[in-house]
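>
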Amino acid sequence: MTEELIDIVTETGEPTGKTALKSEIHRKGLYHNTAHIWFYTRDGQILLAQRAATKSICPLLWDVSVAGHVDAGETIEEAAIRETQEEIGLTISETDLNKIGVFPCFQSYDNGIIDNEFHHTFITELTTDISELKPQKDEVENLKLISRIKFEELLQFTEENNHFVASNKTYYKIVFKHILQQI
């Protein structure tokens, strides 16, 4: 598999017209875009993806349903659709995407990765049974649906329970609020 070529953006998220390999982006801390898609069911469950054990950042923690980098020349929506197909084997269209915002996430990790991302975040109703989803093994260890009550409970104690990526707690709360407005 070839390494992704990614568009570089400014610290305010504006296009620069430049690109770099994903490894260079993370080594130098260059600003870039990601697409995040949170799936929920009409009865109030939220689809979580467990990060693969081989991930260099936060392996085996539970996180957004689908997430990935926006490739060079790709729109945010195209990336969301592509990543959903790649990571969970689900085909969606642009009309399925309900964008709730862009969330800056600037973090450095002990392994040397400097991750300066803008999470372009969508919520989408999951109308397919979870058993029909096909996790991409190098990205997703497992998938699960949890109730909104369980989501709130896990989120409340995220610093202690090692379930979610603790540094994303505020982001998760915002996403959760938007999902609640849809169900």
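Take the position in the sequence shown, starting the count at 1, then add 11; the result is the number in my numbering. Glycine included, every Cβ here is placed at the ideal spot set by N, Cα and C.
Taking only three categories from DSSP, how would you classify A124?
At residue 124 the sequence reads Ile, which differs from the Ala that was named. Of the three classes helix, strand and coil, the one that applies to I124 here is coil, per DSSP.
> So if DSSP puts T138 in a beta bridge, which residue, or which two residues, is it bridged to?
In the DSSP assignment, T138 forms no beta bridge with any residue.
> Would you report the Cα separation of Q56 and G79, rounded to the nearest angstrom?
22 Å
> In its own chain, which residues sit with a C-beta less than 7 Å from the C-beta of E88, not counting the 5 before and 5 after it?
E105, L108
> What would DSSP say about E152, mapped onto helix, strand or coil?
Three-state DSSP puts E152 in a strand.
> Quick one: what's got a C-beta closer than 8 Å to L72's C-beta in the same chain, skipping five residues either side?
Q61, R62, N173, H174, F175, V176
> Please say whether D82 and I36 have beta carbons closer to each other than 8 Å?
No. Outside cutoff.
> Indicate whether K184 and L156 have their beta-carbon atoms separated by less than 8 Å.
no
> For the alpha helix (DSSP H) containing A91, name the first residue and the last one.
87-99
> In the DSSP assignment, what residue or residues form a beta bridge with T132?
H47, G112
> Which residue from E22, T21, Y51, P146 puts its Cα closest to that of L137?
Y51
> Say whether the stretch 24-43 touches the stretch 132-146, bearing in mind that this needs 3 or more beta-carbon pairs closer than 8 Å, one atom from each stretch.
no
> Can you name, in chain order, every residue of its own chain whose Cβ lies under 6 Å from the Cβ of R38, other than the five neighbours on each side?
none
> Given this structure, state the Cα-to-Cα distance separating N127 from A31, to the nearest angstrom.
N127 and A31: Cα-Cα distance of roughly 14 Å.
> Tell me whether K66 sits in a helix, a strand or coil according to DSSP, three-state version.
coil
> Taking DSSP's pairing of strands, which residues face D18 in a bridge?
Paired residue(s): T30.
> How is the beta strand (DSSP E) around H174 delimited, first residue to last?
Unbroken run through H174: none, as it is neither H nor E.
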